[in-house]
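Participant: I have a structure here, written as structure tokens, and I will follow up with some questions on it.
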Amino acid sequence: MGGTVLLLKNLLFTFLVPGTVAVYVPLWIVGDRAAAGGVLQILALAVLALGFAIYAWCVWDFARFGRGTPAPIDAPKRLVVRGLYRRSRNPMYVGVLSVILGWSLWFGAPVLAGYAAGVFSLFQAFVVLYEEPHLEGEFGDSYREYCAAVRRWF
Numbered sequence: 003m004g005g006t007v008l009l010l011k012n013l014l015f016t017f018l019v020p021g022t023v024a025v026y027v028p029l030w031i032v033g034d035r036a037a038a039g040g041v042l043q044i045l046a047l048a049v050l051a052l053g054f055a056i057y058a059w060c061v062w063d064f065a066r067f068g069r070g071t072p073a074p075i076d077a078p079k080r081l082v083v084r085g086l087y088r089r090s091r092n093p094m095y096v097g098v099l100s101v102i103l104g105w106s107l108w109f110g111a112p113v114l115a116g117y118a119a120g121v122f123s124l125f126q127a128f129v130v131l132y133e134e135p136h137l138e139g140e141f142g143d144s145y146r147e148y149c150a151a152v153r154r155w156f
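Start counting the sequence shown at 3; every next residue gets the next number (our numbering).
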């Protein structure tokens, strides 16, 4: 698959799925609420930047080394166990959750922390019920060894 096509597929998925979950929905929830300001805003910027960076790094690794996208229908062809995936089996989800929590700090909106908890619950269910069995079926012993060596979240 050409690099340009893979890039476009990753961008499309990013804007549609994580973009909706981590940007569009949180901004819709807070509406026209003003930013919190002060030190909280500086902390929020750091958390937002960290979340976006984590997500971008993971997508890069999926595309470059796994030759796929985060979309389950176009998943990486190779098991990605490098970069942040050496420390967590699900760093991409951690990045998305960090962005949501960054918005919670930015707007001083505890409701977004609750939203993040709900999103985490959905991520956990998806990982346990779909991703892990699928990856074990796809990659067999390699994936089982990876699971034994690397934690699901942190």
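Idealized CB from N, CA, C, for every residue including glycine.
For T71, name the three-state secondary structure that DSSP assigns.
Facilitator: Within the sequence shown, numbered from 1, the residue matching residue 71 stands at position 69. Three-state result, T71: coil.
Participant: Hey, is A46's beta-carbon within less than 8 Å of any beta-carbon in chain B?
Facilitator: Here chain B cannot be found, since the structure has a single protein chain.
Participant: Please classify V101 as buried or exposed, where buried requires at least 16 neighbouring CB atoms within 10 angstroms.
Facilitator: The residue labelled residue 101 in the question sits at position 99 within the sequence shown. Buried: at least 16 other Cβ atoms inside 10 Å.
Participant: Going by Cα to Cα distance, which pick from V27, F64, W105, G116 is closest to L52?
Facilitator: Mapped onto the sequence shown, residue 52 falls at position 50. Measuring from the Cα of L52, the nearest candidate turns out to be W105.
Participant: Less than 8 Å separating the beta-carbons of Y87 and P93?
Facilitator: Taking the sequence shown and counting its residues from 1, one reaches residue 87 at position 85. Taking the sequence shown and counting its residues from 1, one reaches residue 93 at position 91. Yes, Cβ-Cβ distance for Y87 and P93 is below 8 Å.
Participant: Assuming F64 contacts V49 (C-beta within less than 8 Å), just tell me the rounded distance between them.
Facilitator: As a first step, residue 64 is located in the sequence shown; it is residue number 62 there, counting from the start. As a first step, residue 49 is located in the sequence shown; it is residue number 47 there, counting from the start. About 23 Å separates the two Cβ atoms, so there is no contact after all.
Participant: How many angstroms separate the CA atom of P112 from the CA atom of G4?
Facilitator: Locating residue 112 in the sequence shown gives position 110, where the first residue counts as 1. Locating residue 4 in the sequence shown gives position 2, where the first residue counts as 1. Spanning the two alpha carbons is a distance of roughly 43 Å.
Participant: Let's test the definition: count the other Cβ atoms within 10 Å of the Cβ of Y57 and tell me whether it reaches 16, buried, or not, exposed.
Facilitator: Within the sequence shown, numbered from 1, the residue matching residue 57 stands at position 55. Y57 should be labelled buried.
Participant: Alpha carbon to alpha carbon, how far is A119 from F125? Give it in angstroms, no decimals.
Facilitator: Counting from 1 along the sequence shown, the entry for residue 125 is found at position 123. Counting from 1 along the sequence shown, the entry for residue 119 is found at position 117. Distance between the alpha carbons of F125 and A119 is about 10 Å.
Participant: Kindly indicate which three-state DSSP category F141 falls into: helix, strand or coil?
Facilitator: Position 139 of the sequence shown, counted from the start, is the residue given in the question as residue 141. Helix.
Participant: Short of 6 Å in beta carbon distance, which residues of its chain neighbour G97, apart from the five on each side in sequence? Order them along the chain.
Facilitator: By one-based count along the sequence shown, residue 97 stands at place 95. G53, I56, Y57.
Participant: Does at least one heavy atom of the ligand NAP sit under 7 Å from the Cβ of A55?
Facilitator: Among the ligands in the structure shown, none appear at all, so the ligand NAP cannot be discussed.
Participant: Can you tell me the Cα-Cα spacing of A24 and S123, whole angstroms?
Facilitator: As a working note, residue 24 is residue 22 in the sequence shown. As a working note, residue 123 is residue 121 in the sequence shown. Roughly 15 Å separates the two Cα atoms.
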